[in-house]
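Residue numbers (my numbering), protein chains in the order written: chain A, 34 to 781; chain B, 34 to 781.
Below is one structure, written out as structure tokens, with a few remarks after it.
Number of protein chains: 2
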Amino acid sequence: MPKLDAEQSALLRQVGHEWGRVSAAPEAWRRALPVDPEVGSYPEPAQIVPARFGRFVRVPALREPPSQAAGTGEGGPGGGGPEEPGTEEAGTEGAAVTGGFGLRLRRAVLGAPLKSTAIARERMRKIVALPVLSADALSSVAYGPEALLAVLVLAGTAGLRYSVPVSLAIVFLMLAVGASYRQTIRAYPHGGGSYIVATDNLGRVPGLVAAAGLMTDYILTVAVSVSSGMAAVTSAIPRLADDVVLIGVLVIAVLLAGNLRGVRQAGALFAAPTYAFIIAILSLVGVALYHASGRDFHTVATPPLHATEGVGVLLVAKAFASGATAMTGIEAISNAVPAFQPVAWRNARTTLTWMIGLLVVLFAGTVAIVHFEGLVPESQETILSQLAHRSYGSGGMYVFTQVATALVLLLAANTAYNDFPRVLFLLARDDHAPRIFLRLGDRLAFSNGIIVLSVAAAVVYVAFDGRTASLIPLYAVGVFLAFTLSQSGMVVHWWRGRDRHWRKSLCFNATGALLSAVVFITAGVTKFTAGAWLAILTVALFLLVTTRIRSHYDKVREALRLHPQMIEIPSRTIAPLPGTEEPPPPPPPPGPWVPSVSTGAPGKERDAETEDTPEEIRHLSVVPLEGLHQASMRALAYAASLQQPVLAVHVSPSDEDAERFHDAWLLWGDHLPLRVVISPYRAIVAPLVSYIESLHHQRPDLTVTVILPEIVVRHWWHRILHSYLAGRLRRALRPLPKIVVTTVPFHV
Amino acid sequence: MPKLDAEQSALLRQVGHEWGRVSAAPEAWRRALPVDPEVGSYPEPAQIVPARFGRFVRVPALREPPSQAAGTGEGGPGGGGPEEPGTEEAGTEGAAVTGGFGLRLRRAVLGAPLKSTAIARERMRKIVALPVLSADALSSVAYGPEALLAVLVLAGTAGLRYSVPVSLAIVFLMLAVGASYRQTIRAYPHGGGSYIVATDNLGRVPGLVAAAGLMTDYILTVAVSVSSGMAAVTSAIPRLADDVVLIGVLVIAVLLAGNLRGVRQAGALFAAPTYAFIIAILSLVGVALYHASGRDFHTVATPPLHATEGVGVLLVAKAFASGATAMTGIEAISNAVPAFQPVAWRNARTTLTWMIGLLVVLFAGTVAIVHFEGLVPESQETILSQLAHRSYGSGGMYVFTQVATALVLLLAANTAYNDFPRVLFLLARDDHAPRIFLRLGDRLAFSNGIIVLSVAAAVVYVAFDGRTASLIPLYAVGVFLAFTLSQSGMVVHWWRGRDRHWRKSLCFNATGALLSAVVFITAGVTKFTAGAWLAILTVALFLLVTTRIRSHYDKVREALRLHPQMIEIPSRTIAPLPGTEEPPPPPPPPGPWVPSVSTGAPGKERDAETEDTPEEIRHLSVVPLEGLHQASMRALAYAASLQQPVLAVHVSPSDEDAERFHDAWLLWGDHLPLRVVISPYRAIVAPLVSYIESLHHQRPDLTVTVILPEIVVRHWWHRILHSYLAGRLRRALRPLPKIVVTTVPFHV
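Structure, rendered in structure tokens:
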């Protein structure tokens with residue numbers, strides 16, 4: 034519900050006034066309801082605790098249905114907890130008791146039905162938030178250093194010598210960007226993703242560009258994490274190397290299935306891999322440093338290398354841009370501030386500091402020991418695997434290292450599944466994405482988002498043969514584009530606000546923005562042909578689509594605005610918007626209102642669907658009937674009970690059939706006007722639509738309600754045998770103005 | 034509209050009586066209509082003449098809309114011919130004037146929109162009917178003799194010697210079956226397809242078996258005709274032999290597209306290939322016989338052959354069964370009797386006699402000259418091509434022969450596209466197929482049928498590598514199964530009727546049935562492993578599916594029957610069904626009626642949707658609103674204008690949003706009861722459905738009408754951005770009892 038502006042408020046008030054003025058119905062019946070609308074209240078978020086592994090919560094019915102409660106005795110109303118079958122469950126199960134086993138099987142595989150489940154939001158303690166939110170960033174250590182070395186090794190041993198200075202530059206970058214994000218958390222305690230910060234401070238297009246960067250980032254997080262995880266696995270089990278593409282796609286499918294099914298993001302189980310990975314890398318670094326100390330920190334000689342390129346600025350810049358992918362995921366905490374326990378922003382900040390510290394240690398440690406051990410990237414085995422082999426042989430510790438690496442990468446990929454729908458939500462909030470994504474807790478919207486993510490990630494993964502090295506150039510561009518815009522936005526933010534400490538914060542953010550921009554430009558330029566062009570193209574395409582969506586929604590909003598077309602509003606009566614807490618102001622005095630257009634003369638202009646008071650609507654109900662059976666009878670009774678003119682229509686393939694129908698109609702008592710349309714071609718939709726259209730043309734001021742009896746069957750395969758007609762008629766009638774379609778169900 | 038039995042009629046009358054007795058509404062308003070329902074009358078079939086090539090006719094709107102007529106001046110109402118744009122066209126084009134070029138392009142490719150077109154039926158003169166209806170049978174000469182020889186050649190020269198006697202047997206079979214079908218035409222002047230004849234005389238299951246035989250027949254007609262046509266093409270252009278599968282599938286796709294687009298079946302254009310083929314074969318036979326007469330009818334020696342099998346009964350039987358495929362399509366005329374000009378059955382019979390004559394001449398002639406020329410089937414070149422090469426060399430006459438053969442085969446394949454939907458129609462009429470196929474003139478139903486046919490034919494074609502020889506075993510089984518059952522049915526028919534000449538007719542039919550049965554059994558046994566098993570399996574599967582469909586419809590019909598559950602009907606008041614011509618009889622005197630159950634106490638039993646008089650229905654309208662805009666206003670006005678209790682519902686993601694909505698509501702004037710549901714998870718469908726379910730549980734006797742404002746956009750890709758909610762709610766509410774869903778459109 035968007036906020037109404039002054040003009041809309043005034044119009045709304047006047048429409049309401051008109052309604053009150055001309056409405057013939059007494060206040061009494063308008064207030065009288067056969068039900069108590071206040072059936073219970075929806076459970077508060079705090080009441081619903083997510084289950085152990087699942088993130089979907091059951092949305093219980095608002096109140097225990099009285100007949101159910103009476104039927105099952107006592108104890109019903111008490112068990113409203115989320116892990117109970119829930120009240121609604123009992124209701125539907127009672128109805129569909131015959132589908133017992135099949136239903137339960139389907140539930141087991143696909144989860145509870147969509148309509149009664151929603152996504153839970155979680156609040157995390159720091160000890161859980163750290164591993165869950167850092168998985169993405171820390172796991173980057175599994176491919177960042179390797180990506181760096183893979184570039185330098187092109188220049189042979191001479192190139193590798195640059196690994197330490199380049200790494201130091203990256204560590205500095207990490208610290209600068211980390212410090213920069215600390216400022217963001219303070220400024221945006223409700224979550225400061227790149228999109229929000231860039232939109233807030235730089236404007237719509239930079240915001241969309243940042244969002245595009247983020248979206249490509251998430252897609253590539255999945256692809257790179259899976260490919261890197263597969264590398265960890267194939268390093269240990271080289272036999273699997275040939276099937277890496279297939280297995281990777283299967284892993285993405287499992288991620289998709291798990292998330293469709295509703296795997297939780299947080300929880301002790303999801304904390305374990307990150308801690309295990311931290312322990313694995315720290316102990317690897319420790320053991321390697323211990324060995325190195327035995328050699329007085331002399332580096333082991335690298336194997337002889339064939340240099341294909343000379344050492345140059347370009348090569349070093351490339352290596353820097355590749356190695357900087359070790360920072361991906363660093364923004365996760367600033368996005369997720371509201372997921373922390375209070376005081377959220379303070380906890381988030383502490384966690385961020387911890388994460389940056391760990392990231393620097395793991396990254397620097399890895400680069401250092403690779404340097405000391407004189408290791409060189411190989412295509413068959415990851416650097417981490419080589420290190421582990423050298424330190425531990427092939428025993429339990431080696432396996433632990435590889436398993437922890439693979440798991441933390443899997444967890445990192447899973448992170449994208451949480452972030453992607455959120456960015457879609459933010460985009461939808463600003464009308465840049467389909468509105469369905471606004472319903473963040475809506476399981477279907479969520480499902481659509483993660484399906485898009487999975488398909489995109491799988492396509493990228495397959496297109497690049499599941500090779501991490503090929504994916505890195507794409508990755509860096511999107512990530513650092515988002516970083517740059519986000520931090521530039523923060524610079525503007527501080528400059529505009531100039532509150533306490535603004536100078537210091539601005540400084541940190543400016544440094545971060547500048548460095549990120551350097552990486553972005555470096556990556557974009559040096560790797561343009563290697564894949565960065567694709568990332569840039571995606572960003573451009575995304576920009577195009579989102580602005581088109583926005584402009585469509587703008588157009589629709591304009592069309593939906595209340596407008597004074599039917600009522601001549603003297604401009605002086607448009608009162609300023611009253612304070613929203615006050616009771617509604619008395620309606621403006623009945624001034625020179627022009628009464629609504631008389632409906633006597635049907636005119637083209639009455640096609641417009643502008644009736645906004647009940648008295649303006651003239652009714653005609655049309656009931657298409659295929660026979661006179663139980664469902665038809667009910668539809669006729671429904672139509673007649675509306676106390677508006679009713680016309681029954683039957684489409685007959687032949688005169689004999691028409692006569693037979695007419696006889697039955699007379700037998701029934703001929704209580705309503707009937708028209709039998711002969712359709713010589715046995716078509717039914719076309720003649721009906723034509724006939725209804727003719728009625729509309731005859732009296733364009735009428736609102737024609739088409740009341741369709743619809744036979745509802747239990748199984749979808751039975752549906753093929755039936756309900757095509759209601760659906761087809763609905764679709765055929767949809768483009769026509771002022772045709773309301775009503776389906777009266779009859780359950781078989 | 035099925036005929037009502039005595040019980041149903043009595044119940045209908047009593048329901049009507051009850052309606053009249055308790056209905057509070059005065060007769061006056063029930064009769065008063067704001068429109069004249071008799072808007073024009075639907076055009077008679079005779080008025081609509083199909084276009085030159087198209088078989089779809091536009092279904093015009095029932096009457097020229099007055100505003101349109103006024104707008105375009107005079108001349109509008111006169112131009113109601115089918116080739117004119119038509120009145121409805123003008124109406125829609127006026128509405129969607131912005132989509133000009135795109136719309137016209139789409140029309141050009143896909144044809145006019147489905148809702149205003151129907152399939153035309155055609156009446157044919159004999160001179161057109163002969164080629165159109167014989168294409169299938171005569172084109173069989175292109176593969177029948179070859180199939181025969183292909184079996185015999187396995188036994189080498191010794192085998193080939195049997196070609197003449199086996200062919201004579203087949204000619205006898207042709208004459209016998211032809212004579213048999215002449216009887217059928219006389220007995221079934223309204224069309225006597227195998228399904229009808231078998232069902233009428235032998236019962237339901239034999240009818241279904243015959244239908245199954247026909248369906249496989251049609252699928253294989255397409256596959257075999259295409260493969261044989263491709264053989265004619267590759268004989269002339271051997272280069273194409275490698276791509277035969279691909280090209281064949283493309284041909285099927287073209288057939289599908291043409292039929293979706295609505296290619297006519299009859300017409301001079303469609304007569305040409307058959308006459309060309311007849312000329313080609315006759316002149317081929319003539320030239321070859323002339324050559325042979327030059328040799329005193331000595332046969333040319335066949336090339337030396339390697340015999341892999343000895344001559345035995347099995348081989349000859351196999352050859353007979355294969356050669357009998359030259360008869361496929363012989364039943365076409367008896368199916369299509371009503372398509373002839375009057376007196377239809379007499380014209381059909383004459384045409385059949387001509388066709389049989391031509392078929393015998395072409396078949397016997399082909400076999401004879403193959404025999405004289407000492408030709409042997411080859412895998413690269415068809416027998417017909419070999420003959421043509423030998424007679425004409427490679428000149429124009431050769432090309433003419435091959436082109437005529439390919440075209441007549443294409444036409445034969447196209448015949449199946451006319452017959453397949455008709456069998457589906459007949460099956461649907463007896464509730465053995467989805468009811469949508471009942472709407473024979475309905476373009477969508479027609480399209481579905483031919484898509485099924487095309488896909489099945491393409492699958493078979495590809496599975497058998499497009500080789501005619503591999504498809505023949507499957508073909509013979511289905512065709513002769515249908516023949517056997519149809520003619521056995523005729524035997525029973527004559528025996529039952531015993532009218533004039535019954536003995537003679539029975540004799541003819543019995544001979545036909547017996548011979549067909551021999552072929553069927555021979556084909557089924559000798560070719561079981563070569564593919565006949567697949568045909569038999571298909572028949573069994575078909576039988577299973579159709580009987581399941583029937584039993585489902587039976588169940589639904591039972592559920593839909595009017596039943597005296599709410600009204601206690603004393604058995605003596607069930608009056609016998611009055612004559613249908615009489616005016617409705619006076620309602621039975623108000624006897625000991627039990628009034629309908631009081632709605633005071635909500636009870637489980639009120640879930641049943643059994644209200645069949647208006648006074649039994651208690652209303653509550655629920656209007657879900659997402660905001661207060663033009664579309665919402667219209668939905669609210671619509672709801673209130675129904676003069677029944679209305680409850681507006683808004684789902685808010687947060688308390689702030691709820692408050693904002695509530696303020697706007699007060700500003701509007703709070704004319705209706707409002708309930709704001711807070712959905713902490715931003716889900717919208719689940720809370721709404723839950724809430725509506727709760728309302729239903731509170732008062733199960735109420736019929737709850739959910740009135741959804743639906744924003745209708747022009748393009749489908751815009752629809753992604755909008756209408757998901759109405760559709761999803763409709764689907765979610767569908768399983769619930771007594772929930773009526775109404776969509777109030779708002780066109781942007």
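Even for Gly, the Cβ is constructed at its ideal location relative to N, Cα and C.
Since we're looking at a predicted model, the values are computed, not measured.
Could one say the Cβ of residue i lies closer than 8 Å to chain B's Cβ atoms, at least one of them?
i, result
"H422 of chain A", "no"
"W701 of chain A", "yes"
"E644 of chain A", "yes"
"A39 of chain A", "no"
"L785 of chain A", "Residue coverage of chain A in this structure runs from 34 to 781, which leaves residue 785 of chain A outside it and unanswerable."
"W626 of chain A", "With a pLDDT of 34 at W626 of chain A, under the threshold of 50, the predicted position of this residue should be treated as unreliable, though the coordinate-derived value follows. No - not a single Cβ of chain B is within 8 Å of the one on W626 of chain A."
"I744 of chain A", "yes"
"A697 of chain A", "yes"
"D69 of chain A", "yes"
Can you find the residues in the same chain that come closer than 7 Å, C-beta to C-beta, to residue i, ignoring five residues on each side of it along the sequence?
i, result
"H422 of chain B", "Y431"
"S173 of chain B", "T358, A359, M360, T361 and G362"
"P239 of chain B", "A231 and L518"
"T267 of chain B", "L273, A274 and V277"
Is the distance from the Cβ of residue i to the Cβ of residue j below 8 Å?
i, j, result
"G53 of chain B", "H704 of chain A", "yes"
"L576 of chain B", "L247 of chain B", "no"
"A670 of chain A", "T775 of chain B", "no"
"A265 of chain A", "Q435 of chain A", "yes"
"A304 of chain A", "V161 of chain A", "yes"
"A729 of chain B", "K771 of chain B", "The identity of residue 729 of chain B in the sequence shown is His, whereas the question assumes Ala. It is a contact, given that the beta carbons lie within the stated cut-off."
Tell me, to the nearest whole angstrom, how far the beta carbon of residue i is from that of residue j; I am working on the premise that it is less than 8 Å.
i, j, result
"A245 of chain A", "T571 of chain A", "7 Å"
Quick one: does residue i have its CB under 8 Å from some CB of chain A?
i, result
"V773 of chain B", "yes"
"A269 of chain B", "no"
"H50 of chain B", "yes"
"F575 of chain B", "no"
"M248 of chain B", "no"
"P222 of chain B", "no"
"T776 of chain B", "yes"
With a CB to CB cut of under 8 Å and the five nearest residues on each side skipped, what residues in its chain are close to residue i?
i, result
"R215 of chain A", "R382, L385, T386 and F541"
Kindly list the residues whose CB is nearer than 6 Å to the CB of residue i, restricted to its own chain and excluding five residues on each side of it in sequence; keep chain order.
i, result
"F513 of chain B", "S549, V552 and F553"
"Y425 of chain B", "Y431"
"E51 of chain A", "T646"
"A212 of chain B", "F541"
Touch test, the region 682-695 of chain A against the region 755-775 of chain A, Cβ-Cβ under 8 Å, three pairs minimum: Fewer than three Cβ pairs drawn from the region 682-695 of chain A and the region 755-775 of chain A lie within less than 8 Å of each other, which leaves the two stretches out of contact.
Does the count of Cβ pairs from the region 252-268 of chain A and the region 175-187 of chain A closer than 8 Å reach three? At 8 Å Cβ cutoff, the stretches touch.
Indicate whether the contact test is met: 3 or more Cβ pairs, each with one atom in the region 530-544 of chain A and one in the region 587-596 of chain A, closer than 8 Å. By the criterion of at least three beta-carbon pairs nearer than 8 Å, the region 530-544 of chain A is not in contact with the region 587-596 of chain A.
Do the region 505-522 of chain B and the region 231-239 of chain B make contact, defined as three or more Cβ pairs closer than 8 Å? In this structure the region 505-522 of chain B lies against the region 231-239 of chain B, because at least three pairs of beta carbons, one per stretch, are closer than 8 Å.
Contact between the region 741-748 of chain A and the region 651-671 of chain A is defined here as three or more beta-carbon pairs at a separation below 8 Å; is this criterion met? A contact is defined here as three or more CB-CB pairs under 8 Å, and the region 741-748 of chain A meets this definition with respect to the region 651-671 of chain A.
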